[in-house]
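Student: In the numbering used here, the protein residues as written are 537 to 1132.
Every residue gets a Cβ at the ideal spot worked out from N, C-alpha and C, and that includes glycine.
A single structure is presented below for examination.
Here it is in structure tokens:
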């Protein structure tokens, strides 16, 4: 594992490195079991570290016992009567599990909705709505047995039909879910790709309600990490009758969402800056939920957020930049690996200047990533020079997929002289002496600071280059990138599951997250080999081919990687049991306890 891991040396490096090594140790064990994917880790609020989901063993028939839920016995803790006061840096974008696309929305949705599986504190996939499951010997058919005591908050049982309806929504071309590929390219569910393409009716999706409490899922090929996908919100169930009754208002208010999870939403409106959850006393695991509720506050100004924490109005908040210098010695300070890769996306398809490879290479070589992480963020985030970030996926030999951050140094490094050389070559090819580009950036505090530094570095290193920063609310920024309405975009991606494909899958032709609409047939063919071809069951061969694919992305400067995010967090000493994960769901509160 890289010595940079999740925090720089002044962030209690010894403790964090110990936890980071434990993370990859678990990853190695999981990889040897699964044959394809690395994962693992352990974290709590007293000693945070990254967590990732376990991979499923594709050999033989398995059954998961309900006793493996990972929850602590109710008698070991005393139920609290207080809410946990949580800071968010950006508003919720959607409460619809098949439409949500951002980490904030995923966290909030997971508070009131369970999937078939959930993550325990170690990041392992354990039972949630599925009391048990069976896997066929060929690894192609999962049969999930849904808990008899799983109910929606209106008293209706959670059934297999709820999953069928939700998953059909996810692949329905008329719904146009941006995460539909999680069922096709990633989950490899039978007929998902054909349905998304409009070639087959959604009723032909390989998911069947055998009876009220039995769900059968058919795959095209064995998928070692399939169980870990089951706690990703796109796979969450939706009650069809309730959904139909809501019409166009579904998932826009407490009255238009149903809960089957630990908490019930009781105060919310779209783009709200404050909203509230109450403990769901009808939850099947209610005895182990110790919080009275969750009180969210959206605070985009970091100084205001820290002041709210210091006055006790918040139990946890993010800090960044100069604030870290102020609080890094506080025992309530933590540096936690968040898993997000921040990068700049160039609009290769629509912007003439960015179609030029020399211009793109000039831009990525002109970025001083160390300065961004050390002088601006100061939260332990690590400079990143690969399309797949560090410390979340381990290979067949147990090693971190992206431990070597120098392997693409010839096309991604900080080298002002090389940047200028590429820049002059690009200008000559374009027949211009100046270039002006707009870069869209979130209205949040940290991205704006990073964007200002990028602007300064580019304009200082590259003569004739002007960058205009266009500050937008995150929802608008995401929409602009998705619609191709941008020139440069400062954005991020968090891993949805513990495998390099969670990043590399984005650059497939026409993927909804391929913002610059880059297309390369050779790349597409390599990814197909790793997902549906001969390499999908060849662990070592697959790993090597993924490196080949990543090299194409880097050689073509499809993105300009910046840093792997580490969250600098203040957490009240009264709070324990919050689980942190770098994949899918960054924060989970089911096991949290707040002392009175």
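If we define contact as Cβ-Cβ less than 8 Å, is residue 927 a contact residue for chain C?
Tutor: Absence of chain C from the displayed structure is noted, only one protein chain being present.
Student: Please name the residue or residues paired with residue 619 in a DSSP beta bridge.
Tutor: 829
Student: May I have the straight-line CA-CA distance separating residue 870 from residue 825, to the nearest angstrom?
Tutor: In a straight line, the C-alpha of residue 870 is about 24 Å away from that of residue 825.
Student: Roughly how many angstroms lie between the CA atoms of residue 976 and residue 647, to the nearest whole one?
Tutor: Residue 976 and residue 647: Cα-Cα distance of roughly 31 Å.
Student: Could you please give me the residues that DSSP links to residue 670 through a beta bridge?
Tutor: 679
Student: For residue 1002, which option in 714, 1020 and 889 has the closest C-alpha, if you only look at C-alpha atoms?
Tutor: Nearest neighbour of residue 1002 by Cα position, chosen from 714, 1020 and 889, turns out to be 889.
Student: Could you tell me the distance, in whole angstroms, from the CA atom of residue 809 to the CA atom of residue 934?
Tutor: 43 Å
Student: Which parts of the stretch 629–666 are runs of the beta strand (DSSP E), unbroken and 3 residues or longer, counting only runs that do not cross its ends?
Tutor: 653–655 and 661–663
Student: Applying the 10 Å Cβ sphere with the 16-neighbour rule, what's the burial state of residue 783?
Tutor: Residue 783 comes out exposed.
Student: Taking just the CA atoms, how far does residue 795 sit from residue 721?
Tutor: Residue 795 has its alpha-carbon roughly 29 Å from the corresponding atom of residue 721.
Student: What is the residue span of the alpha helix (DSSP H) that residue 835 lies within?
Tutor: No residue range can be given for residue 835, since it is assigned to no alpha helix (DSSP H) and is classified by DSSP as neither H nor E.
Student: Which one or two residues does DSSP pair with residue 999 in a beta bridge?
Tutor: In the DSSP output, where bridge partners are listed per residue, residue 999 has none listed.
Student: With respect to the alpha helix (DSSP H) encompassing residue 1080, which residues constitute its N-terminal and C-terminal limits?
Tutor: 1075–1091
Student: With burial defined as no fewer than 16 other Cβ atoms inside 10 Å of the residue's Cβ, what is the status of residue 675: buried or exposed?
Tutor: buried
Student: Could you pull out every unbroken alpha helix (DSSP H) segment of at least 4 residues lying fully inside the stretch 716–804, listed in chain order?
Tutor: 728–732, 762–765 and 776–782
Student: Take residue 959 and list the residues in its own chain whose beta-carbon comes closer than 6 Å to its own, dropping the five residues that flank it on each side.
Tutor: If we look at residue 959 and ignore the five residues flanking it on each side, its Cβ neighbours are 898 and 998.
Student: Between residue 764 and residue 661, is the Cβ-Cβ spacing less than 8 Å?
Tutor: In this structure, residue 764 lies near residue 661, with their beta-carbon atoms less than 8 Å apart.
Student: Excluding the 5 residues preceding and the 5 following residue 1132 in the sequence, name in chain order all residues of the same chain whose CB lies nearer than 6 Å to its CB.
Tutor: none
Student: Between 849, 880, 843 and 877, which lies nearest to residue 862 when the distance is taken from Cα to Cα?
Tutor: 843
Student: Label residue 1129 either buried or exposed according to how many other C-beta atoms from any shown protein chain fall within 10 Å of its C-beta, with 16 as the threshold for buried.
Tutor: buried
Student: Have a look at the DSSP bridge pairing and note the partners of residue 1123.
Tutor: 1116
Student: Restricting to runs no shorter than 4 residues, where is the alpha helix (DSSP H) found entirely within the stretch 877–932?
Tutor: 888–891 and 893–901
Student: Taking the runs of the alpha helix (DSSP H) that are 4 residues or longer, which of them lie wholly in the stretch 1025–1060?
Tutor: 1037–1040
Student: Quick check on DSSP: helix, strand or coil for residue 967?
Tutor: coil
Student: Give the straight-line distance between the Cα atoms of residue 973 and residue 727, rounded to the nearest whole angstrom.
Tutor: 42 Å
Student: To the nearest whole angstrom, what separates the beta carbons of residue 641 and residue 628, a pair I think is in contact under 8 Å?
Tutor: 5 Å
Student: What residue range is occupied by the uninterrupted alpha helix (DSSP H) comprising residue 941?
Tutor: From DSSP, residue 941 is part of no alpha helix (DSSP H); its letter is neither H nor E.
Student: Note down, in chain order, each residue of its chain lying with its Cβ closer than 8 Å to the Cβ of residue 702, except the 5 sequence neighbours on either side.
Tutor: 633, 634, 771, 772, 773 and 774
Student: Have a look at the DSSP bridge pairing and note the partners of residue 1102.
Tutor: According to DSSP, residue 1102 bridges with 873.
Student: Between which two residues does the alpha helix (DSSP H) harbouring residue 815 extend?
Tutor: Annotation for residue 815: no alpha helix (DSSP H) segment contains it, though the beta strand (DSSP E) segment containing it runs 810–815.
Student: Exposed or buried, residue 839, counting other C-beta atoms within 10 Å across all chains shown (16 or more means buried)?
Tutor: exposed
Student: Just tell me which of 793, 769, 872 and 821 has its CA closest to the CA of residue 778.
Tutor: The shortest C-alpha to C-alpha distance from residue 778 to any of 793, 769, 872 and 821 is the one to 793.
Student: Starting from residue 854 and walking both ways along the beta strand (DSSP E), at which residues does that stretch end?
Tutor: 852–855
Student: Look at the alpha carbon of residue 737 and the alpha carbon of residue 937, and state the distance between them as a whole number of angstroms.
Tutor: 38 Å
Student: Among all the DSSP beta bridges, which residues are the ones paired with residue 1062?
Tutor: Answer is none; residue 1062 lacks a bridge partner.
Student: Span of the alpha helix (DSSP H) holding residue 861?
Tutor: Per DSSP, residue 861 belongs to the alpha helix (DSSP H) from 858–863.
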